[in-house]
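J.: Following this message is one structure expressed as structure tokens.
Protein chains: 2
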Amino acid sequence: MPLSPLREGTHPLSQDEGRYLLKALRLGDGEKLEVFDGDGFYALATLLGVDAGDAYLEVSKPQEAPRPELELYVASATPKGDRADWLVEKVTELGASGLIWLKTERSVVIPKPGSKKFERWARLSDAAARQSRRMRVPTLEGPLTLEELKTFEFDHRFVASPIKESDTPLPSPLKGKVLIAIGPEGGFTDHELEQFKNSGYNLLWLNPHVLRTETAAIAAAAVLTAHL
Amino acid sequence: MPLSPLREGTHPLSQDEGRYLLKALRLGDGEKLEVFDGDGFYALATLLGVDAGDAYLEVSKPQEAPRPELELYVASATPKGDRADWLVEKVTELGASGLIWLKTERSVVIPKPGSKKFERWARLSDAAARQSRRMRVPTLEGPLTLEELKTFEFDHRFVASPIKESDTPLPSPLKGKVLIAIGPEGGFTDHELEQFKNSGYNLLWLNPHVLRTETAAIAAAAVLTAHL
């Protein structure tokens, strides 16, 4: 169960937490469960006080889960409407460590930081991380320009390309901090592709067909995480 | 433009077709365009009669587009609600030649052949094929049992597995008729996995996390088509 804040000691149950543990999971006094904070920490907890009508968790010392060998960051133009929601949900399920919205020359949607959209994406990402039993919820940043993206450190940088390049096979297994950049409808401009090239990005061919932004992002996450 | 039926000779424009060519694309008399039937045939057509107020297409002899080297069939349990719609749209964009719904032991949704759902999926698939500029719209079949699926011929058969098997690398490039089977929420049963094994399926590991059915189907299509 997600628990916030995750701290060693006594954690009184909120109404939602109580309903979930006692009604939905039907746990009884003395039963043990795993709790986690979504930031990579987890702990064993014991459900107590149920019989006395005042249930709480006794949380043991939180441990940090090992970091994944591949930390994948998806930097993507923002698709319209619920296509962005799907992108967030699916790249989370597939194991992305972070999602960065990109401001590109052909971008139509540029979400405002702190807006309701960001709140919804955080909720979706949180639910998807739980669904796929991930210890860490991906970070969500942006929108950033390509210039701003340059200041982040990565071990490998890729840009999704519709042109098949046979000369840049993926390292297998793929490890470390990896970035994949995904363009908007209509793709990156030649000027942007030039910027990527000058910043040490490799082209990553994904599919013989024209993919929508969210499809390319999900496909890239699937292909890169399968190379682990 | 999609055209049905696609036949050599004179094709009077329907109201929709006229609106699309004359209003949306603003084509004039004598202009040429490519028309296709979604079953792999295409032809060059000339727009005529516009100035006379009675526009029609003069269609040349239809040609068959070469079949793709990889013909990917996704056989999947049906996810609930709009998750099935997304599966249909995304595996079409990624280039699947066919989608087969599976009746599995843990299936919750078993769509009825000929139902409104199948009509909607056909429309979605058609639109997605056009979006990704595919000449062939995927076939949509099922729901089939694993027994019934056995009667189809494939060059390679895979079943998506959450367990990493390092001993069955994908052939690269992957060619011919390829089947990937995707289980329902909760996965295939041991009995079903035994059936797959006895029918010559290889396990295909996709991702370190627990994936929803539609995510696994889309990820599998992405990984397999990227191996072309």
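Chains as they are written, first to last, in the numbering used here: chain X, -17 to 210; chain G, -17 to 210.
All C-beta atoms in this analysis are idealised placements derived from N, C-alpha and C, irrespective of residue type, glycine included.
1) Thinking A26 of chain X and E16 of chain X are a contact (beta carbons under 8 Å), I'd like their distance in whole angstroms, please.
2) Alpha carbon to alpha carbon, how far is K72 of chain G from Q113 of chain G? Give it in angstroms, no decimals.
3) With I82 of chain X as the anchor, note down where its beta strand (DSSP E) starts and where it stops.
4) For a contact meaning CB atoms closer than 7 Å, what does A201 of chain X contact in chain G?
5) Which residue's Cα is closest to the Cα of K85 of chain G: G:K94, G:A78 and G:D137?
6) Counting only beta-carbon separations shorter than 7 Å, does L39 of chain G have a partner in chain X?
7) I'd like the span of the alpha helix (DSSP H) that includes E51 of chain X, first residue to last.
8) Determine which residues of the region 183 to 194 of chain X have a Cβ less than 7 Å from any Cβ of chain G, and write them out in chain order.
9) Give the single residue among X:Y2, X:V41 and X:D19 whose Cα lies nearest to the Cα of E(-10) of chain X.
10) If the cut is a Cβ gap below 8 Å, which residues of chain G does W68 of chain X touch?
11) What are the residues of the region 89 to 111 of chain X that lie near chain G, defined by any Cβ-Cβ distance shorter than 7 Å?
12) For chain G, check one thing: does any of its Cβ atoms lie closer than 7 Å to the Cβ of S143 of chain X?
13) How should L7 of chain X be labelled, buried or exposed, when 16 other C-beta atoms within 10 angstroms of its C-beta is the threshold for buried?
14) Determine the chain X residues that contact K159 of chain G at a beta-carbon separation under 7 Å, and present them in chain order.
15) Of all the CB atoms in chain G, is at least one closer than 7 Å to the CB of D208 of chain X?
16) Do L212 of chain X and P44 of chain X have their CB atoms nearer than 7 Å?
17) I'd like to check one pair, I92 of chain G with A57 of chain G: are the Cβ atoms closer than 7 Å?
18) Strictly under 7 Å for the Cβ-Cβ distance: is K72 of chain G near chain X by that measure?
19) Determine whether the Cβ of S114 of chain G lies closer than 7 Å to any Cβ atom of chain X.
20) Thinking C-alpha only, which one of X:R194, X:H191, X:V32 and X:L175 is nearest L185 of chain X?
21) Ignore the nearest five residues each way along the sequence and tell me which others in D21 of chain X's own chain have a CB closer than 7 Å to its CB.
22) For chain G, find out if any of its Cβ atoms is closer than 7 Å to the Cβ of T197 of chain X; answer yes or no.
23) Flag this pair as touching only if the region 28 to 42 of chain X and the region -3 to 4 of chain X have three or more C-beta atom pairs under 8 Å; answer yes or no.
24) Which class does A59 of chain X belong to by DSSP, given the choice of helix, strand or coil?
25) Based on Cα-Cα distance, which residue from X:Q177, X:A208 and X:A202 lies nearest to K132 of chain X?
26) Ignoring anything shorter than 4 residues, give me the alpha helix (DSSP H) runs that lie fully in the region -16 to 13 of chain G, in order along the chain.
27) Using CA atoms only, rank isn't needed, just tell me which of X:T60, X:E53, X:L52 and X:R105 is closest to P(-16) of chain X.
28) Tell me, to the nearest whole angstrom, how far the beta carbon of A198 of chain X is from that of A142 of chain X; I am working on the premise that it is less than 8 Å.
29) Assign E129 of chain X to one of three DSSP states: helix, strand, or coil.
30) What's the gap between the Cα of H(-7) of chain X and the Cα of T121 of chain G?
31) To the nearest angstrom, report how far apart G168 of chain X and K157 of chain X are at their CA atoms.
32) In the DSSP assignment, the alpha helix (DSSP H) including V90 of chain G goes from what residue to what residue?
33) Along the chain, where does the beta strand (DSSP E) containing R65 of chain X start, and where does it finish?
34) From G182 of chain X to E135 of chain X, what does the alpha carbon distance come to, in whole angstroms?
T.: For this structure:
1) For the sequence presented, residue 26 of chain X should be read as Leu rather than Ala. Contact flag correct, Cβ pair sits at about 6 Å.
2) The alpha-carbon atoms of Q113 of chain G and K72 of chain G are separated by roughly 11 Å.
3) Counting along the chain, the beta strand (DSSP E) containing I82 of chain X begins and ends at G80 to L84.
4) Near A201 of chain X (Cβ distances below 7 Å), the residues of chain G are L76 and A204.
5) Distance check between K85 of chain G and each of G:K94, G:A78 and G:D137 places G:K94 closest, using alpha-carbon atoms only.
6) The beta-carbon of L39 of chain G is placed no less than 7 Å from the nearest beta-carbon of chain X.
7) Note, E51 of chain X: premise wrong, no alpha helix (DSSP H); not H, not E.
8) From the region 183 to 194 of chain X, only L188, N189, P190, H191, V192, L193 and R194 have a Cβ closer than 7 Å to chain G.
9) Checked all of X:Y2, X:V41 and X:D19; the closest Cα to E(-10) of chain X is X:V41.
10) W68, listed in chain order.
11) Cβ contacts with chain G: none found.
12) Taking CB atoms only, S143 of chain X has no neighbour in chain G less than 7 Å away.
13) The Cβ neighbour count for L7 of chain X, taken over all protein chains shown within 10 Å, is under 16; the residue is labelled exposed.
14) Within 7 Å Cβ-Cβ: nothing; K159 of chain G doesn't reach chain X, min ~17 Å.
15) Rather than Asp, the amino acid found at residue 208 of chain X in this sequence is Ala. Cβ-Cβ to chain G under 7 Å: yes for A208 of chain X.
16) Nothing about residue 212 of chain X can be read from this structure; chain X reaches only from -17 to 210.
17) Going by beta carbons, A57 of chain G and I92 of chain G fall outside the 7 Å limit.
18) The Cβ of K72 of chain G sits closer than 7 Å to at least one Cβ of chain X.
19) For S114 of chain G, the answer is yes, since a Cβ of chain X falls inside 7 Å of its Cβ.
20) If we check each option's Cα against that of L185 of chain X, X:L175 comes out closest.
21) Result list for D21 of chain X: R118, in chain order.
22) Interface annotation, T197 of chain X: in contact with chain G, CB-CB separation under 7 Å.
23) At 8 Å Cβ cutoff, the stretches touch.
24) Collapsing the DSSP output to three states places A59 of chain X in a strand.
25) Looking at the Cα atoms, X:Q177 is the closest of the given residues.
26) Contiguous alpha helix (DSSP H) elements confined to the region -16 to 13 of chain G occur at -3 to 0, taking only those with 4 or more residues.
27) Checking every option, the nearest Cα to that of P(-16) of chain X belongs to X:R105.
28) Yes, they are in contact, since the Cβ atoms of A198 of chain X and A142 of chain X sit about 5 Å apart, within 8 Å.
29) Secondary structure of E129 of chain X (DSSP, three-state): helix.
30) Take the alpha-carbon of H(-7) of chain X and the one of T121 of chain G: they are about 54 Å apart.
31) Cα atoms of G168 of chain X and K157 of chain X: separation of roughly 31 Å, rounded to the nearest angstrom.
32) Run containing V90 of chain G: none; DSSP gives neither H nor E here.
33) Premise fails: R65 of chain X lies in the alpha helix (DSSP H), D64 to E75, not in any beta strand (DSSP E).
34) Near 12 Å, if we compare the C-alpha coordinates of E135 of chain X and G182 of chain X.
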